[in-house]
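Below you'll find the structure, written out as structure tokens, and then a few comments.
In the working numbering, the protein residues as written are 17 to 165.
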């Protein structure tokens, strides 16, 4: 289907993947560029049949049917049997999870760990009598930790 294209005309076409789109002749595609793509069938008019898509290069999907194993066949895969390990091998403890200690609290002092919330450090500094609650709230967490040492 051939049609006369005019500059500034909005036309509806179908792209190479078959999706419809609108474009204006002259911007962003010139009349010649649109006609060239229509001539190579890269683009088509919406009322034309969509061109068949060429098969993509690359691996093709598998099309063979899956075979079912014959239960009577002896050459097929056999069930796996496992021997029990010796009792002394089973009782050995495996690898233990790693315990990471950021800081150890002083025993009995109630000192919070370094990674504790600032509010816990404020409480600790106030209990130690090193600052009032209002003053402690104005310090940074690092300052509170230094103050507690």
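Where a beta carbon is used, it is the ideal one built from N, C-alpha and C, also for glycine.
Alpha-carbon spacing of residue i relative to residue j, whole angstroms
i: residue 142; j: residue 111; result: 43 Å
i: residue 61; j: residue 47; result: 15 Å
i: residue 151; j: residue 113; result: 42 Å
i: residue 168; j: residue 51; result: Examination of residue 168 is not possible in this model, given that the chain is present from 17 through 165 alone.
i: residue 58; j: residue 19; result: 16 Å
i: residue 13; j: residue 144; result: What the structure shows of the chain is the stretch from 17 to 165, and residue 13 is not part of that stretch, so it cannot be assessed.
i: residue 22; j: residue 79; result: 49 Å
Residue interval of the beta strand (DSSP E) (run including residue i)
i: residue 29; result: 26-30
Where residue i falls, given that 16 or more other Cβ within 10 Å makes a residue buried
i: residue 75; result: exposed
i: residue 77; result: exposed
i: residue 127; result: buried
i: residue 123; result: Residue confidence is low: residue 123 scores 47 on pLDDT, short of 50, so the model does not pin down where it sits. Its coordinate-derived value is still stated next. Its Cβ having fewer than 16 others within 10 Å, residue 123 is exposed.
i: residue 154; result: exposed
i: residue 38; result: exposed
Where residue i sits in the DSSP three-state scheme
i: residue 176; result: Any property of residue 176 remains undetermined from this structure, which presents the chain solely from 17 to 165.
i: residue 123; result: Model confidence at residue 123 stands at a pLDDT of 47, short of 50, so the residue's coordinates are unreliable; what they give is reported in the following sentence. Note: residue 123 maps to coil in three-state DSSP.
i: residue 54; result: helix
i: residue 20; result: coil
i: residue 46; result: coil
i: residue 73; result: coil
i: residue 144; result: helix
N- and C-terminal bounds of the alpha helix (DSSP H) containing residue i
i: residue 131; result: Per DSSP, residue 131 belongs to no alpha helix (DSSP H) and is neither H nor E.
i: residue 159; result: 157-164
i: residue 152; result: 149-154
Beta-bridge partners of residue i, as assigned by DSSP
i: residue 60; result: 30
i: residue 36; result: 30
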